[in-house]
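A.B. asks: To start, I am sharing the structure in question, which I have written as structure tokens.
2 protein chains.
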Amino acid sequence: MDVHGRDLRYFATVAEELNFTRAAERLFVSQPALSKQIRMLEKQLGTSLFHRDRRSVRLTATGEALLPHARELLASWQAAQAAVEDAKAAERHTLVIGMSTSPGRGLLPALRARLVSLYPDARPVLRQVNWADPSAGLADGSSDVAFVWLPLPDDERYRYAIVAEEPRVVALPYGHPLAARAAADHEGAVDFADLLDEPFLALPPEAGPLRDYWLALDSRGDRTPRIGGVVASAEETHEAIANGQGVALLAAGNASLVVRDEVIAVPVRGVSPSRLAVAARTDDERPTVLAYLAAAERVATGPS
Amino acid sequence: MDVHGRDLRYFATVAEELNFTRAAERLFVSQPALSKQIRMLEKQLGTSLFHRDRRSVRLTATGEALLPHARELLASWQAAQAAVEDAKAAERHTLVIGMSTSPGRGLLPALRARLVSLYPDARPVLRQVNWADPSAGLADGSSDVAFVWLPLPDDERYRYAIVAEEPRVVALPYGHPLAARAAADHEGAVDFADLLDEPFLALPPEAGPLRDYWLALDSRGDRTPRIGGVVASAEETHEAIANGQGVALLAAGNASLVVRDEVIAVPVRGVSPSRLAVAARTDDERPTVLAYLAAAERVATGPS
DNA sequence: TGTTGTGATAGCCATGCGTTATGGACGTCC
DNA sequence: GGACGTCCATAACGCATGGCTATCACAACA
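What follows is the structure, encoded as structure tokens:
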């Protein structure tokens, strides 16, 4: 039914040399091994491929019929192998950059530039990941590096470089009472204490510690938050806020993703700032990955 | 380096089903066997071919690159197998008929007709064999059946049917003294006794008993023949006789092959007649071979 | 007549590739 | 929420495959 490619290779070589001993040498196997394999192939095909007279080996009509096909198969397999090698090379050069929302802040072009200056063959590819995954695809391998919000669950599995630290703001519906209070505030801000009774939009439970972080659990004491809804994208968040399902904390730099139409954002006093990092798996030592992380470190400590 | 065709088949099937269990069923192997083979293939290629997430199996980029090649290889192997089958069928229907010289006597068309009436697919192919082989190719398998002159060496290896029995004649140069004597004879013949001192053309030594037969050794008592030359074809025989190297016995029906220009043939008294047979190897039981022999028997005993 | 070249055979061992049994991670259903 | 079904991976094991070396059989040749 099937052949082993090796057998075709053996066959083609014997057909070329018409001498088992020499063919065996060319194939780097012993002559008996070659004889046996050819016999097995003949047995499998139910016909002989070579006439072996005492002094000479020559192809039978069947062997003659098989030879061109065998050569074609061998060539096709070569081509298939080459295709696989190409695909492997492409995969090796591709760096999938996961992100829950565009990191903005000029980060992507800066990092990209540093990466390709070191590895001109590298092909960075951006990938949008659902908010339910706080590792932005690192965990399941669908991203090679990722923009993530700290804290990162399971964080010994990842290494990261913080690329931005910025205050959190709260997104509110336009007509919300706190919007007016903020407008009256001398800083245009609200205290987190005033938000404790508000329903909050939360990340899906799978997000783990990150869900807690955006609910600012650590600033609530023993008061549990009211959950007004679960959101997993900027679009859903905007909709939910506009519909009055709840309010949500955001990084200041991300406010623009949600603020439009009925929704505004105001600074919040009394919550820690948010930290955005570039992360990769600890066990991933590929040079392009390490280079991207190094670039992120330099961006963070560099001119800003 | 090489692949087993089976592995490509497995790969293509999994790629189609995207489910190892179902693919294993379609391939009539157990699911673990399939899993293992795919892993081995991936190991061999140095890359993974499938993403196996918890709930889904899908091709990697490399797998995607390999798939069309795998399909092509499988199709090519199908074609190769078909070509081999065709060649086998052709070989099975081909009947190689060996002969040292054309048997003439209307035998070939008669036997061919009987063969194809029984086996319409049979393709009789004529093959001229050097006179050094008294089996006309049966011995080394290059003929399936053969027209041979008795006695046949090694004759338990062959079965045969005598298809002609006819007197032997002697071929002489035109100006040979015995030519004149024959002309004066009331039967136009010569006695073999008068030929004992003549140089004879002989078959090559490999011809064994047949060489002795055409030297008529059994009619010479203890007188050893003088050998004027060794001949292995009608053309050589004609040349050698015309050049005066010697004379030669021939079957009457074969005289025309040698008699022209300087050479004549005259009947000989005192030698046994020659017997032409159709022979095949005893261990060859193929229907077309047996049919050809049976046809030869009927020709011999039939209307003549 | 011994030497050389060639393919086939024998005996041995490591690996390949199949099997069944079982495990573990998810879903789904009652 | 516990039992069950689905799906892929692993473990343990056995027969077949495919390699090796040593040796034979035979023809050619010196």
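The listed protein sequences correspond, in order, to chains A and X.
-1 is the number of the first residue of the first sequence in the working numbering; add one for each residue after it.
-1 is the number of the first residue of the second sequence in the working numbering; add one for each residue after it.
Backbone N, C-alpha and C fix where the C-beta goes; we use that ideal spot for every residue, glycine too.
1) Between the beta-carbon of F190/X and the beta-carbon of V269/X, is there less than 9 Å?
2) Under a CB-based cut-off of 9 Å, is H91/A close to chain X?
3) Give the range of the alpha helix (DSSP H) segment to which A178/X is assigned.
4) Measure the CB-CB distance between L65/X and F9/X and report whether it falls below 9 Å.
5) Quick one: is Q35/X near chain A, going by C-beta distance under 9 Å?
6) If I follow the unbroken beta strand (DSSP E) through R53/X, where does it start and stop?
7) Spatial neighbours of M97/X within its chain, please: CB distance less than 8 Å, with the 5 preceding and 5 following residues excluded, ordered by chain position.
8) Check this for me: beta carbons of H67/X and A68/A, under 9 Å apart or not?
9) List the endpoints of the continuous beta strand (DSSP E) containing L199/X.
10) Does T92/A come out as helix, strand or coil in the three-state DSSP assignment?
11) Using a Cβ-Cβ distance under 9 Å, would V123/A count as near chain X?
12) Which of the three DSSP states, helix, strand or coil, is assigned to L105/X?
13) Just the Cα atoms here: how many angstroms apart are A293/X and A230/X?
14) Per DSSP, what kind of secondary structure is F48/A in: helix, strand or coil?
15) Applying a beta-carbon distance threshold of less than 7 Å, which residues of chain A neighbour D138/X?
16) Using a Cβ-Cβ cut-off of 7 Å (strictly less than) and excluding sequence neighbours within five positions of S302/A, which residues of its own chain qualify?
17) Identify whether L208/A lies in helix, strand or coil by the three-state DSSP scheme.
18) To the nearest angstrom, how far is it from the Cα of V266/A to the Cα of V55/X?
19) So what's P122/A in DSSP terms, helix, strand or just coil?
20) In chain X, which residues lie less than 7 Å from D0/A when you measure between Cβ atoms?
21) Taking C-beta to C-beta, are E260/A and Y172/A nearer than 9 Å?
22) Can you grab the Cα-Cα spacing for the pair I239/A / P149/A, in whole Å?
23) Taking L208/A and P271/A to be in contact with their CB atoms under 8 Å, please state how far apart those CB atoms are, rounded to whole angstroms.
24) Is D84/X close to chain A, meaning its C-beta is less than 9 Å from at least one C-beta of that chain?
25) When the Cα atoms are used, what is the spatial distance from S28/A to Q35/A?
26) Have a look at G186/A, L194/A, E40/A, P203/A and flag the residue whose alpha-carbon is nearest the alpha-carbon of D220/A.
27) Since G206/X contacts G226/X with CB under 8 Å, what's their CB separation in whole angstroms?
28) Could you tell me whether any Cβ in chain A is nearer than 9 Å to the Cβ of G44/X?
29) Taking A278/X and D142/X to be in contact with their CB atoms under 8 Å, please state how far apart those CB atoms are, rounded to whole angstroms.
30) Decide if L16/A is buried, meaning its Cβ has at least 16 other Cβ atoms within 10 Å, or exposed.
31) Does DSSP put S140/A in a helix, in a strand, or in coil?
32) Quick check on G219/A: does DSSP put it in helix, strand or coil?
33) Between the stretch 152 to 159 of chain X and the stretch 170 to 186 of chain X, do at least 3 Cβ pairs fall closer than 8 Å?
C.D. replies: Straight from the coordinates:
1) yes
2) no
3) 175 to 182
4) yes
5) no
6) Unbroken run through R53/X: none, as it is neither H nor E.
7) L124, R125, Q126, V127, A134, A144, F145
8) no
9) 197 to 200
10) strand
11) no
12) helix
13) 29 Å
14) strand
15) D51
16) The predicted position of S302/A is uncertain, since its pLDDT is 46 and thus under 50; a value taken from the coordinates is nonetheless stated next. For S302/A, where only same-chain residues beyond five positions count, there are no Cβ hits under 7 Å.
17) helix
18) 46 Å
19) strand
20) H2, G3, R4, R7
21) yes
22) 24 Å
23) With a Cβ gap of about 15 Å, L208/A and P271/A do not count as contacting.
24) yes
25) 11 Å
26) L194/A
27) In fact, because the Cβ distance is near 20 Å, the residues do not count as touching under 8 Å.
28) yes
29) 7 Å
30) exposed
31) coil
32) coil
33) no
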